[in-house]
Amino acid sequence: MIITKAKPTQDVLDMLGNVKKVLLTGCGECSTTCRTGGVEELDAMEKFLTENGYEVVGKCVPQLSCNKNLMKRELKAFKDSGYEAVVVMSCGDGTQTVAGLVDSPVYPANDTMFLGEIERLTLFSEACRMCGDCVLGKTGGVCPITKCAKSLVNGPCGGAKNGKCETNPDVECGWILIYDKLKKLGQLDKLYVANDDKGYKKNLYPMTINLKEDAANE
Amino acid sequence: MSNLQKALESGKFAITAEMAPPKGVDFSHQIAVVEQLRGKVDACNVTDYQSSSLKASSIGLCIKLIQLGIEPVLQMTGRDRSRMAIQGDFMAAAAFGIENILALTGDHPTVGDCPESKPVYDLDSVGILRAAVQLTTGFDCGGNKLDGAAPYYYLGACTTPVYDPVELQLMKMKKKIDAGAKFFQTQGVYEAEPMKPFMEMAEKYGVYLMAGIIPCKTAAMAKYMSNNVPGIRVPEYQIERLKAAAAKVPADDPNVKKLKAAVQEAEGITMSAEFLAELKEKGLCHGAHIMAIGAEENVPKILAEAGF
Ligand code: SF4
Ligand code: SF4
C-alpha cells in the first residue's frame, strides 16, 4: 500500500490562493486506509475550506485515484460545477492522474511517504523501496534495501548498538533481522555468498511497463 | 610497496595512527601532528568525514602527508560518493603516491553535522574494495580501459570484534577478504578475548589484523563511549581504574579539576600500553591502530610505555 500523510492544512490554503470554487477528490484504497483521503477526511477538508472562505462545489472518493479511466468517469459528474481548482487527497500518483485529466490547477493535500505494510489499523511500516531487482530470496524475506538504513547488500556496517540501527535507537538493525531470520530458516550459508552490487540501471526513472508489448516480445 | 605493507608482511608489529582533516582550510595542527608521529608509526590513517562531520577531504590531507614525507592510509567511505567518484579519487590518489586504502561503509549522514546530506552508498565496503581491485587490472567499473599504467593499492578494511551476533562481522570480514582486503583495522577494543575469532580468520586467510586502540581520557569518556558508541565496550573494572586514579588527587588542591583530568589521561595511556603489550604477547593481532582522537601526542607515549 502507498502510505500518505496529510500536509499541514495551511499549506493547502497557500496553494489555493485566491480561487473561490474547489473540487475535492480522495481515494477509496490507500488514502482511505491511511485516513488521508477517505469520506471522513474529505468532509473535514470541506469544513475547513468553507471556514476559510472557499466554496467546495463537489467531492468524490473514487475506488482508485490512480486509475486513469476510472478517474475520468468520476470527474465527468463535476464538469459543470464551475470548480477553479482541485485539491487531491490521495498519493502523488493519484494527484497526477487527476492533474492529467483536468484543465484547472491541481493541488496535493498529502505527502506521499512510502510503500509499506499495514501492521495494524493505525501503524504502517516501510517494507519495499521498489529497487527493481528483488533480493528477498537471499535474505530470508527481510529487505536489506529498505530495512537497512544504508541499503547495504553484503551484511551490516559496524553501527548497530544493542541490535538497533545507528540512525535510530528505536529501529532494529535490518541486517540483524536478516541474520535472525536466516538462522531460523537454516539458511545462514546464504550470508556468505557475496552479492554483486546491483547497480542502478534497473532503477532508472520514469519507468513504464507495457504488458502487451512484454508478451509480444517473449 | 608501501611501508605498511612491508611492515605487516615482514612480520614486524605494525603501528598506524589516525588523524582527521580540519574543519576549515588551515592544516597547521595536522602538520604539527605529523612531527609528533614521524618515525613512530608505519602509516597514518586520514579519516573521511568521520562521524559524518564535514571536514576538509581525506584525499587532500593524504596528499599533504605525502608531501611531508609520512605515509597515509586513505580512508574511503561510500556515504558521499558514487562508484564513479570513488574510482576517480582512487586514480588521483595513486597519481600522488597514495597506496594504502581503507574501505569503509561510512556513518550515516543523519548522525553528523550535515544531516540534510544525501546518503549515497552506491557501493558498500565490499563494493569499494572491488572497485579498487578493478582499477588495478587496468579497467574501470564500466569495463573501460585506463590510459597508461594500472595503479597499485594495498587494500584494507575494518571490522568490529565486539558485536552481537559476532558471526555477522566475521561473515562480512570474509567477504572483504574475498573482495581483496589484505589488512584489517578493528574498532576500538579493550579486552583480548573478542579478538580471538578475528585473529583466527586473519591467520586462516593470510591477511593481517591490527587491533584498534582508543586510549580513554577520563572515566566519564570511557563510560560514555561504552554506552553510546557502536562496537565499543569498556569493562567496568577499567572505568573503576580511571576513577581510582582521579580519586588520588587531593580534593582541596586548587587545580583539582585539571589534575584529575591529567592523571586519568596518564592512566588511560598506561592502560592502552598494557593492553597493547598483552595483545602482542598473546599473538592476537599483527599490529595496532591507535586512534587518539585529537590527542595524537599521546601515541608515542603509549608506544614507549608498551616497550615498542
Ligand atoms: S529487494 Fe527490497 S526493495 Fe528491492 S524489490 Fe525486493 S523488497 Fe523491494
Ligand atoms: S546499523 Fe544495521 S540497519 Fe543500520 S545502517 Fe548499519 S547495517 Fe544497516
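Residue numbers (our numbering), protein chains in the order written: chain A, 135 to 352; chain B, 12 to 319. Glycine included, C-beta positions come from ideal geometry on N, C-alpha and C.
Distance CB(residue i)-CB(residue j) smaller than 8 angstroms
| i | j | result |
| --- | --- | --- |
| B:P241 | A:K295 | yes |
| B:K193 | A:A328 | no |
| A:T231 | A:M205 | yes |
| A:S199 | A:C161 | yes |
| A:A243 | A:A140 | yes |
| B:L290 | B:M206 | yes |
| B:L15 | B:A54 | yes |
| A:T301 | B:T121 | yes |
| A:M264 | A:L158 | no |
| B:Y165 | B:T147 | no |
| A:L209 | A:L235 | yes |
| B:A257 | B:K271 | yes |
Proximity winner among the options, relative to residue i (alpha-carbon distances)
| i | options | result |
| --- | --- | --- |
| A:L286 | B:G35, B:A233, B:D118 and B:T147 | B:D118 |
| B:E178 | B:N155, B:P208, B:P162 and B:D189 | B:P208 |
| A:A260 | A:T273, A:R254 and A:T280 | Per the sequence presented here, residue 260 of chain A reads as Glu, with Ala not at that position. Residue A:T280 is the option with its Cα nearest to A:E260. |
| B:A28 | B:E82, B:V36 and B:A96 | B:E82 |
| B:L113 | B:E292, B:V131, B:A106 and B:V144 | B:V144 |
| B:R252 | B:K268, B:P265, B:P261 and B:T229 | B:T229 |
| B:D37 | B:S136, B:M95, B:A272 and B:S68 | B:S68 |
| B:L181 | A:G151, A:L322 and A:Y339 | A:L322 |
| A:V190 | A:T166, A:K154 and A:N203 | A:K154 |
| A:L311 | A:K336, A:G274, A:M149 and A:N337 | A:G274 |
| B:A142 | B:D175, B:R92 and B:T171 | B:R92 |
| A:M135 | A:L249, A:N337, A:V276 and A:L183 | A:L249 |
Chain B within 8 angstroms of residue i, Cβ atoms only
| i | result |
| --- | --- |
| A:Y326 | yes |
| A:V287 | yes |
| A:E260 | no |
| A:K332 | no |
| A:P239 | no |
| A:K335 | no |
| A:G292 | yes |
| A:T301 | yes |
| A:Y339 | no |
| A:K318 | no |
| A:K210 | no |
| A:Y313 | yes |
| A:K295 | yes |
| A:K281 | no |
| A:K284 | yes |
Below-8 angstroms beta-carbon distance, residue i vs any chain A residue
| i | result |
| --- | --- |
| B:D53 | no |
| B:G138 | yes |
| B:H119 | yes |
| B:V45 | no |
| B:D264 | no |
| B:G167 | no |
| B:T171 | yes |
| B:A190 | yes |
| B:Y235 | no |
| B:V177 | no |
| B:Y174 | yes |
| B:K185 | yes |
| B:Q98 | no |
| B:G242 | yes |
Counted within 10 angstroms of its Cβ, other Cβ atoms place residue i as buried (16 or more) or exposed
| i | result |
| --- | --- |
| B:G108 | exposed |
| A:P303 | exposed |
| B:Y219 | buried |
| B:V267 | exposed |
| B:A160 | exposed |
| B:F101 | buried |
| B:C125 | exposed |
| B:R244 | buried |
| A:L319 | exposed |
| B:F150 | exposed |
| A:L229 | Checking the sequence, you will find Thr at residue 229 of chain A rather than Leu. That one is buried. |
| B:L65 | exposed |
| B:Q78 | exposed |
| A:V220 | buried |
Neighbour flag for residue i against chain C, beta carbons, 8 angstroms
| i | result |
| --- | --- |
| B:K193 | Of the chains in the structure shown, none is chain C; the protein chains are A and B. |
Tell me which residues pass a beta-carbon proximity test against ligand 2: closer than 7 angstroms to any heavy atom, given in chain order. Ordered by chain, the residues meeting the criterion of a beta-carbon within less than 7 angstroms of a non-hydrogen atom of ligand 2 are A:K281, A:C282, A:A283, A:K284, A:L286, A:P290, A:C291, A:G293, A:A294, A:C299, A:E300, A:T301, A:C307, A:G308, A:W309, A:I310 and B:H119.
May I have all residues whose beta carbon comes closer than 6 angstroms to any heavy atom of ligand 1, sorted in chain order? Look at which beta carbons fall closer than 6 angstroms to any heavy atom of ligand 1; those residues are A:C262, A:R263, A:M264, A:C265, A:C268, A:V269, A:L270, A:C277, A:I279 and A:T280.
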